[in-house]
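Here's the structure, in C-alpha cells; my notes come after.
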Amino acid sequence: MQYWLVKQEPGEYPWTRLVRENGTAWTGVRNYQARNYLRAMRKGDRVLFYHSGKERAVVGIARVRQEAYPDPTADSPDWIAVDLEPLRPLTQPVPLAQIKKDPVLRDMLLVRQARLSVMPVTPAQWRRILELGQTEL
DNA sequence: GCCAACGTTGGC
DNA sequence: GCCAACGTTGGC
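Under numbering that gives the first Met the number 0, the first residue of the first sequence carries the number 0, and numbering increases by one thereafter.
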C-alpha cells in the first residue's frame with residue numbers, strides 16, 4: 000500500500016463535505032506532475048487530506064476507492080480523476096507550521112514543493128502525521 | 001496585499 | 001529550442 004496527500008482549499012471542497020457525501024470524484028487536477036501521482040494511486044491506498052489557504056493543516060484520512068479514469072470535467076483525455084472516500088478525521092489536525100518544525104516532516108513534498116496538489120508521502124512521514132494527529136487506523 | 005515558486009504561452 | 005512575459009498557487 001502507498002501513502003499520498005491531496006491538497007484542497009476548504010472553501011472549494013472541505014473535509015466535512017467528503018464525509019457528508021461519503022466520498023467524491025477527485026477531479027480538476029491540471030498539472031502533469033500531480034496527474035502522474037494520481038495515476039499511480041491504487042485502490043485501498045491511504046490519502047492524507049490537507050486544507051490549504053487560511054487553515055493550512057492536515058485534517059483527515061481518506062482512501063482510494065476507484066483508480067484512475069478519464070476526468071469528466073476535462074476537455075482532453077490527458078486528465079484523469081480518482082474516487083476518494085473518507086476514513087476518519089485526525090483527532091488533532093496537524094498544522095503546516097508544526098510540519099515545518101518536525102525533523103521527520105520538514106522534508107515532505109508539501110513543504111519542499113508548495114504548489115503541488117497531489118503528492119506521495121513516505122511511510123515514516125505517514126506514521127509521524129498520525130502520531131501527531133493522535134489518530135490510529 | 002505581497003511575493004516566491006513554478007507552470008504555460010508565444011515570439012524568435 | 002530558448003527565454004521573456006505572464007498567470008496561478010499558496011504561504012506569509
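Glycine included, every Cβ here is placed at the ideal spot set by N, Cα and C.
The structure presented is a predicted model; accordingly, all values stated were derived computationally and were not measured.
Closest residue to residue i among the options (Cα-Cα distance)
{"i": "proline 92", "options": "Leu37, Tyr49 and Gly27", "result": "Tyr49"}
{"i": "tyrosine 12", "options": "Asp106, Ala96 and Gly27", "result": "Gly27"}
{"i": "leucine 4", "options": "Lys100, Arg19, Glu54 and Leu83", "result": "Leu83"}
{"i": "proline 9", "options": "Gly22, Arg127, Glu54 and Thr72", "result": "Glu54"}
{"i": "leucine 47", "options": "Gln112, Arg105 and Val63", "result": "Val63"}
{"i": "valine 103", "options": "Thr23, Ile128 and Arg38", "result": "Ile128"}
{"i": "leucine 131", "options": "Met0, Asp77, Leu95 and Asn30", "result": "Leu95"}
{"i": "alanine 73", "options": "Asn30, Arg111, Gln112 and Arg114", "result": "Asn30"}
{"i": "tryptophan 78", "options": "Gly22, Lys100, Leu37 and Val120", "result": "Leu37"}
For residue j and residue i, believed in contact at Cβ under 8 Å, the rounded distance
{"i": "lysine 42", "j": "glutamate 20", "result": "Not really, about 19 Å apart at Cβ, beyond 8 Å."}
{"i": "leucine 109", "j": "alanine 61", "result": "16 Å between Cβ atoms; not a contact."}
{"i": "proline 88", "j": "glycine 59", "result": "5 Å"}
Terminal residues of the alpha helix (DSSP H) in which residue i lies
{"i": "leucine 86", "result": "First-last for leucine 86: 79-94, but that is the beta strand (DSSP E), not the alpha helix (DSSP H)."}
{"i": "valine 103", "result": "Valine 103 -> no alpha helix (DSSP H), and no H or E assigned at all."}
{"i": "leucine 129", "result": "122-131"}
{"i": "tyrosine 49", "result": "Here tyrosine 49 belongs to no alpha helix (DSSP H); instead the beta strand (DSSP E) covers 45-50."}
{"i": "valine 110", "result": "108-111"}
Alpha carbon of residue i to alpha carbon of residue j, nearest angstrom
{"i": "serine 75", "j": "serine 116", "result": "20 Å"}
{"i": "aspartate 44", "j": "tyrosine 2", "result": "6 Å"}
{"i": "methionine 118", "j": "glutamine 133", "result": "22 Å"}
{"i": "tryptophan 25", "j": "proline 69", "result": "11 Å"}
{"i": "glutamate 135", "j": "alanine 123", "result": "14 Å"}
{"i": "arginine 126", "j": "valine 57", "result": "13 Å"}
{"i": "asparagine 35", "j": "alanine 80", "result": "11 Å"}
{"i": "alanine 33", "j": "tryptophan 14", "result": "20 Å"}
{"i": "methionine 0", "j": "valine 120", "result": "11 Å"}
Residue range of the unbroken beta strand (DSSP E) whose run includes residue i
{"i": "threonine 23", "result": "23-25"}
{"i": "proline 69", "result": "56-69"}
{"i": "leucine 4", "result": "2-7"}
Buried/exposed call for residue i, threshold 16 Cβ in 10 Å
{"i": "glutamine 7", "result": "buried"}
{"i": "methionine 40", "result": "buried"}
{"i": "leucine 71", "result": "Correcting the residue type first, residue 71 is proline in the shown sequence and not leucine. Per the 10 Å Cβ criterion, exposed."}
{"i": "proline 85", "result": "buried"}
{"i": "methionine 107", "result": "buried"}
Residue i CB to nearest heavy atom of the ligand FMN below 7 Å
{"i": "alanine 113", "result": "Ligands displayed in this structure: none; no statement on the ligand FMN is therefore possible."}
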